[in-house]
Structures are given as structure tokens and as C-alpha cells.
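Visitor: Structure incoming, see below.
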Amino acid sequence: MNETLIGLVGEYSPSGNEGGAVRFLVERMQTLGYDRAFRDEAGNAVGVIGNGPRQIVLLGHIDTVPGEITVRVEDGILYGRGAVDAKGPLACFTDAAAACGAAEGWQLVVIGAVEEERDSKGAYFVVNNYQPEYAIIGEPNRWDRTALGYKGSAWAEIIVKRGQEHTASGGTTACERAVEVWQSIKTFTDTYNADKTRVFDQLQPSLQEINSDQGDFEQWAKLRLGVRLPPAFSPEEWLAKLEVLALGAEVLHLGKPLAAFTCDKNTRLVRAVLAGIRGEGGTPAFVYKTGTADLNVVAPVWGCPALVYGPGDSALDHTPDEKIELWEYEKSVRVLTSALRTLTRG
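The numbering of the sequence shown is our numbering, which starts it at 118 and goes up by one.
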């Protein structure tokens, strides 16, 4: 049962270099008996089982953050970049769909999306090419939990410029003003968060980069910052607020902002996954994550019941100790196989 997982993790695939992993997964899908398996125009690995009009899309991502880790299995534990984030969930999707097999009237579509760790290129491509009745997104949350919410995100660069002055003039430097801007942002978010007990409901700004320089007549400072957004705060609201908090500095928006998304808990999809967890002796739990995932890209467009599922400890995401226990992976495959059978044959 572990061949898909070990083989996929064995193909090092940081964002932008997923070709080898995509080839492996397409070939693996063919070996597992998928009706179709191919690389789409965006570079995603896609496998299809069945030909019915009703679709279940299982969307994982095949890219990883950089940092190669020697792939090995020791004492039932697989070590390697992507073992958790998120080749474990993607391999689980691949094996579970194969185990479920074709069902009359249904089509199972497994997608290994590229560049999720960058700008979700793969997810933006597929979002307009499929119309699923159910969507399952692959991210690690342990075999006995399902995630029903991910926070939004927005990135910006704030540029402070000042005319050159003598250091004895007592004027505010560009660097000093940049610090004041960051303090303005922190004061606002700390006040906003004061009555929010859940981190999921809080604004979480992060200062990622500071640069400064000066020429003959001008000095400047740049702040590169991101924010994790709760459901109650849209990207548009945040970027508008940032213009005020920047204290007159220039604000440049970076990338595509994403709104937070929360899944409906009372759906046939959720019930099927919970039943699968109970069937493996687990006590199901729901989690709401402070990160952002391809869920935020596709779920608002597809408008169907959705959730996030996948084995692995998310605390190991992006770390040099990334690993997954094979028994947990095997349980997750059985959980998802059961859920898919319930949805397509119930």
C-alpha cells in the first residue's frame, strides 16, 4: 500500500521543478488502473476513474518547499521532503480512489497541483475546468481529523521615502518612519484581536523583510509584510486599512490576496469522512487552520460541499524533520476509501 507514497516522496519537487514527480504520479495512476492519467496544460498530474457526469475532485499539491531530505524508511517511518506537506495526502488520494474504483454515474478526479507553495498556479488552472459535486483538498491534519476552515492571506510592500538630511537635523529618517508604520499596524491588529479568543478569528500580521538604502538626495525603507485573515476580515478591507495604517507611505499589493474560507459542517461529505474515521477506531475531530491552502482558491468558485483531509502532523510542515508514520498513512487510505464508497454507492 505504501508504494505510491514512497515513490512520490522520492521525487524531489520544490515549486517550479515538479516534472519528475508529475511523471511518476501519472505512471503510478496508470499502473493502478485509472481510466485516464495525464499531465495537463498547467503541469498538474491528473488521474480520472469512471466516466459518469457526477464528479468528486480530490485536489492535492505535488510541489514542496525547498530543502531536500534524504528519503528513507526507518522503524515504519518515512522521512523525506513532502512526506507530510503534502505528498502524504496526495498519495492517500491516489491510492484511495484506486481502491474505491469506478462507480456508475460517477467520476473520481485526483489532481496533483503544481506551485501551491508559490502562487497556486495549478489550482487556479483547474478551478474553471471542473464542476465537482464534492471536493476534498489534501493537507496534513492527521488521519482522524478533518479541517473545515483556512484563513485568508494578503501580501504587501510598504515603501517609505525621505529627502536626504543631515544626521544632526533631528528629522525622522526613512527607517524610523518605517518602524512607526509597523507599530501602527501592530497596534491596530492587537486592538482588533483583544476580544478574539480563537487564533482563527484574529488578524495575524508578519513582518517578513526590511530593506533600506540611500542616494545623494533620497533615502528609503521597504517593509514586506503578510497577514493571515479571519473570515470576518476580507482582503479588500485589509488592503484598504493598510493604506491608512501606512501613515502616508506607498503601499504595493503583492500577488493574489485570498479570503478565508469555512466549510459547512453538516454535509453528506463530512458525514462520510467522519464515518470512515470511526470505522478505523478513531474519534473524529474538526480543526480550523491558521494557514492558507488551495481550498481558498477553489471552494468559493465550486460552491459544493468541501473539506480538507490528509495524514501527517502539520507541525512538521517545512521543517528538516519532515516524516510520516506508515501506519497512519494506511489508516488514512482506508478512511478515504470508505468515504468515497459511501458517497458514490450510498
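Glycine included, each C-beta is placed from N, C-alpha and C at the ideal position. Predicted model only: the values in this text are computed from it and were never measured.
At 4 residues or longer, and completely inside the region 345 to 407: list those alpha helix (DSSP H) runs for me, N to C.
Guide: As far as the region 345 to 407 is concerned, its whole alpha helix (DSSP H) runs of at least 4 residues are 352 to 362 and 385 to 396.
Visitor: Would you kindly report the start and end of the unbroken alpha helix (DSSP H) that includes Thr-459?
Guide: For the purposes of this step, residue 459 is identified with residue 342 of the sequence shown, where counting begins at 1. Segment 443 to 462, the alpha helix (DSSP H) holding Thr-459.
Visitor: By Cβ distance, which residues of its chain are closer than 6 Å to Arg-458, with the 5 residues on each side in sequence left out?
Guide: Residue mapping note: residue 458 aligns to position 341 of the sequence shown, counting from 1. For Arg-458, where only same-chain residues beyond five positions count, the Cβ hits under 6 Å are Cys-217.
Visitor: Could you give the distance in angstroms between the alpha-carbon of Ser-449 and the alpha-carbon of Ser-455?
Guide: Residue mapping note: residue 449 aligns to position 332 of the sequence shown, counting from 1. Residue mapping note: residue 455 aligns to position 338 of the sequence shown, counting from 1. In a straight line, the C-alpha of Ser-449 is about 10 Å away from that of Ser-455.
Visitor: Near Val-415, which residues of its chain fall below 6 Å by C-beta distance, leaving aside the five closest residues on each side in sequence?
Guide: Here residue 415 is taken as the residue at index 298 of the sequence shown, counted from 1. Taken in chain order, the residues that qualify are Ala-240 and Val-244.
Visitor: Sorted by chain position, which residues of the same chain lie with C-beta nearer than 6 Å to Gly-160's C-beta, five sequence neighbours on each side aside?
Guide: Taking the sequence shown and counting its residues from 1, the one referred to as residue 160 is at position 43. Counting only Cβ-Cβ distances below 6 Å, and skipping sequence neighbours, we find Val-231.
Visitor: Tell me whether Val-139 is buried or exposed, calling it buried when 16 or more other Cβ atoms sit within 10 Å of its Cβ.
Guide: Indexing the sequence shown from 1 puts residue 139 at position 22. Label assigned to Val-139: buried.
Visitor: With 16 as the cutoff for other CB atoms within 10 Å, does His-283 come out buried or exposed?
Guide: Indexing the sequence shown from 1 puts residue 283 at position 166. A caution first: His-283 carries a pLDDT of 45, below 50, which makes its placement in the model too unreliable to give a value.
Visitor: How many angstroms separate the CA atom of Arg-395 from the CA atom of Ile-228?
Guide: Sequence index remark: in the sequence shown, residue 395 carries index 278 (1-based). Sequence index remark: in the sequence shown, residue 228 carries index 111 (1-based). Cα to Cα, Arg-395 sits roughly 26 Å from Ile-228.
Visitor: Using 8 Å as the Cβ pair cut-off and three pairs as the minimum, do the region 431 to 451 and the region 256 to 269 touch?
Guide: The region 431 to 451 vs the region 256 to 269: in contact.
Visitor: Quick check: the Cα distance between Glu-442 and Ala-366, rounded to an integer number of angstroms?
Guide: Here residue 442 is taken as the residue at index 325 of the sequence shown, counted from 1. Here residue 366 is taken as the residue at index 249 of the sequence shown, counted from 1. Approximately 49 Å, taken between the alpha carbons.
Visitor: Please work out which residues of its chain come closer than 7 Å, Cβ to Cβ, to Tyr-129, disregarding the five sequence neighbours upstream and downstream, and give them in chain order.
Guide: Your numbering for residue 129 matches position 12 in the sequence shown. Excluding positions up to five away in sequence, the list reads Glu-185 and Arg-198.
Visitor: Residues in the same chain with beta-carbon distance under 6 Å from Tyr-405, minus the five sequence neighbours each way, listed in chain order, please.
Guide: Walking along the sequence shown from the start, residue 405 turns up at place 288. Excluding residues within five positions, the ones whose Cβ falls inside 6 Å are Gly-266 and Phe-317.
Visitor: Rounded C-beta distance between Glu-439 and Ala-200? I'm assuming under 8 Å.
Guide: Taking the sequence shown and counting its residues from 1, one reaches residue 439 at position 322. Taking the sequence shown and counting its residues from 1, one reaches residue 200 at position 83. Right, their Cβ atoms sit about 5 Å apart.
Visitor: Going by beta carbon distance, what residues of the same chain come within less than 7 Å of Lys-278, once the five residues before and after it are set aside?
Guide: Indexing the sequence shown from 1 puts residue 278 at position 161. Only Ala-291, Glu-335 and Trp-337 meet the Cβ criterion.
Visitor: Starting from Asp-212, follow the alpha helix (DSSP H) in both directions and report where the run begins and ends.
Guide: Residue 212 sits at position 95 when you count from the first residue of the sequence shown. Segment 204 to 217, the alpha helix (DSSP H) holding Asp-212.
Visitor: Tell me which residue opens and which closes the alpha helix (DSSP H) that Leu-125 is part of.
Guide: What you label residue 125 is simply residue 8 of the sequence shown in a count that begins at 1. Element bounds for Leu-125: 120 to 126.
Visitor: Shortest alpha-carbon distance to Gly-126 belongs to which of Asn-328, Ala-219, Gly-332 and Val-182?
Guide: By 1-based counting over the sequence shown, the position of residue 126 is 9. Checking the sequence, you will find Val at residue 126 rather than Gly. Of the listed residues, the one whose Cα sits closest to Val-126 is Val-182.
Visitor: At the level of alpha carbons, what is the spacing between Gly-124 and Lys-358?
Guide: Position 7 of the sequence shown holds residue 124. Position 241 of the sequence shown holds residue 358. Computed Cα separation, rounded: 47 Å.
Visitor: Considering only residues of the same chain and omitting the five flanking positions on each side of Asp-157, which have a CB-CB separation below 6 Å?
Guide: Numbered from its first residue, the sequence shown carries residue 157 at position 40. Cβ neighbours of Asp-157 beyond the five flanking positions: Val-163.
Visitor: When you compare only the Cα positions, how much space is there between Ala-271 and Glu-221?
Guide: If you number the sequence shown from 1, residue 271 lands on position 154. If you number the sequence shown from 1, residue 221 lands on position 104. Those two C-alpha atoms are separated by around 42 Å.
Visitor: What is the rounded straight-line gap between the Cα of Gly-429 and the Cα of Pro-206?
Guide: Along the sequence shown, read from residue 1 onward, the residue named residue 429 stands at position 312. Along the sequence shown, read from residue 1 onward, the residue named residue 206 stands at position 89. Their backbone Cα atoms lie some 8 Å apart in a straight line.
Visitor: Which residue comes first and which comes last in the beta strand (DSSP E) that contains Gln-248?
Guide: Here residue 248 is taken as the residue at index 131 of the sequence shown, counted from 1. It is not in any beta strand (DSSP E) - Gln-248 carries neither H nor E in the DSSP assignment.
Visitor: Specify, as a first and last residue, the run of the alpha helix (DSSP H) that Val-414 falls within.
Guide: Reading the sequence shown from its first residue, position 297 is the one you call residue 414. Val-414 -> alpha helix (DSSP H) spans 412 to 419.
Visitor: Can you give me the Cβ contacts of Ala-264 inside the same chain, cut-off strictly under 6 Å, excluding the 5 residues immediately before and after it?
Guide: Along the sequence shown, read from residue 1 onward, the residue named residue 264 stands at position 147. Closer than 6 Å at Cβ, skipping near neighbours: Asn-258, Val-404, Lys-406 and Val-425.
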